[in-house]
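Counting in UniProt numbering, the sequence shown runs from 1 upward without gaps.
All residues carry an ideal CB built from backbone N, CA and C; glycine is no exception.
Below is one structure; the comments refer to it alone.
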Amino acid sequence: MDQKVLVLNGDYTAITLCSVQKAFVLLFLDKAEMVAKSDGSLRTISQAYPKPSIIRLQRYVRVPYKGIALSRHNIFKRDHFECQYCGSTKNLTLDHVMPRSRGGESSWTNLLTACARCNHAKGHHTPNEAGMTIRQMPKKPTLAGFLKLSAGTIDQNWHAYLN
1 MDQKVLVLNG DYTAITLCSV QKAFVLLFLD KAEMVAKSDG SLRTISQAYP KPSIIRLQRY
61 VRVPYKGIAL SRHNIFKRDH FECQYCGSTK NLTLDHVMPR SRGGESSWTN LLTACARCNH
121 AKGHHTPNEA GMTIRQMPKK PTLAGFLKLS AGTIDQNWHA YLN
């Protein structure tokens, strides 16, 4: 039951993910309609219901898009919890590509995940000055891309709405 359900707004744009239980409640209260079913079913004592994969809200909900919050966890998630210099998954920390001591800011395009060893080796230099290569240049994630990362496993039905 730890599966996620893609929630679409009234205009079929992806807005969030929710649990199967929350999706079922929205369906049961007629606040959403089922767009796609998942394998399996939800059972009560007397009845079985199809398990939702994608639901669409009945009414359009205005969602003020502020972007994805810049946080330590979200940067780790964007970088797949791997050091962007050596690929290690141990002792992860954040690294500023352009060091703060040299005017680098804390932004999506200047922060990346690094292991403590690589971060220490880089020090207050840029990756080029330290002779280090970045596996994937940092960039601000899109909402659709971030929903894909958050979901873990992606249902095949979702691809049409997340591309």
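Do you know offhand how far F146's Cα is from R78's? Using only the alpha carbons, I get a separation of about 7 Å.
Sheet register partners of K37 (DSSP bridge): Paired residue(s): P52.
Does the beta-carbon of F28 have 16 or more other beta-carbons within 10 angstroms, so that it is buried, or is it exposed? Exposed is the call here.
Would you call the region 31-45 in contact with the region 93-101, where contact means no fewer than 3 C-beta pairs closer than 8 Å? These segments do not touch.
What does a CB cutoff of less than 8 Å around N91 pick up in its chain, not counting 5 residues either side in sequence? Contacts found: C115, A116 and R117.
Three-state class that DSSP yields for R43 in the structure shown: R43 carries a strand assignment under DSSP once its states are collapsed to helix, strand and coil.
Alpha carbon to alpha carbon, how far is T142 from I68? Straight-line Cα distance between these residues: approximately 8 Å.
Comparing C-alpha positions only, which one of L17, T153 and T109 sits nearest to S71? Of the residues L17, T153 and T109, the one whose Cα lies closest to the Cα of S71 is T109.
Per the DSSP calculation, K4 is bridged to which residue(s)? DSSP, once it has assigned bridges, lists S19 as partnering K4.
Assuming P50 and K37 form a contact by the criterion Cβ under 8 Å, report the distance between their Cβ atoms to the nearest whole angstrom. Contact between P50 and K37 holds, since their C-beta atoms are separated by about 4 Å, short of 8 Å.
To which residues does DSSP link D95 through a beta bridge? In the DSSP assignment, D95 is bridged to L112.
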